[in-house]
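Single-structure report; data block below.
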Amino acid sequence: MKIPLEKFSISNNIIQAIVDQPSNAPKILKEDLSNHKTEISYLIDNYLPGRYKVSIFKITDLIFGAELQGTFKINYNATEFSGCELTETELDNFINVNFAIDKDTLQVILTGEEIRERDSFEEF
Numbered sequence: 005m006k007i008p009l010e011k012f013s014i015s016n017n018i019i020q021a022i023v024d025q026p027s028n029a030p031k032i033l034k035e036d037l038s039n040h041k042t043e044i045s046y047l048i049d050n051y052l053p054g055r056y057k058v059s060i061f062k063i064t065d066l067i068f069g070a071e072l073q074g075t076f077k078i079n080y081n082a083t084e085f086s087g088c089e090l091t092e093t094e095l096d097n098f099i100n101v102n103f104a105i106d107k108d109t110l111q112v113i114l115t116g117e118e119i120r121e122r123d124s125f126e127e128f
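Below, the structure written as structure tokens:
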């Protein structure tokens, strides 16, 4: 089993705002996550078959469980372009993500759901 992980930096000011304003913490973190679209796209890419690429995603249901830890859901749409056939296939799905903010390293660690190993002949 594989569990995708992505990390990115977060400022001390953002961490302090989250700690000082617990009722606004989800909004504060969600705004900061919007500055890390590349890292979040990399996390989603782990779940996509073949030549699919993320076309759009939205973070929902962000909840803090502990002071600097929690969960959220990424709803995403991925598209596969087949140049030979000039066709486009879309895939709508979601991923549940755990997050942890490390005050010492000033990093956000995103951990996705387990990806089970697939047989090479298995369809998605």
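Sequential numbering of the sequence shown, starting at 5, is according to the working numbering. Backbone N, C-alpha and C fix where the C-beta goes; we use that ideal spot for every residue, glycine too.
As a beta-bridge residue in DSSP terms, D106 pairs with Q111.
Within the same chain, and ignoring the five residues on either side of L9 in sequence, the residues whose Cβ sits closer than 6 Å to its Cβ are T115.
Beta-carbon to beta-carbon, I78 and F98 are separated by about 6 Å, close enough to satisfy the 8 Å threshold.
Pairing L66 with H40, the inter-Cα distance amounts to about 16 Å. Using a Cβ distance threshold of 8 Å, Q73 and S13 do not count as a contacting pair. When L37, S59 and I63 are compared, the shortest CA-CA separation from E84 is found for S59. DSSP, reduced to helix, strand and coil, places S45 within a helical segment of the structure shown. Counting along the chain, the unbroken alpha helix (DSSP H) around L37 starts and ends at A29 to L37. Under the 10 Å beta carbon count, V23 is surrounded by fewer than 16 other beta carbons and is classified as exposed.
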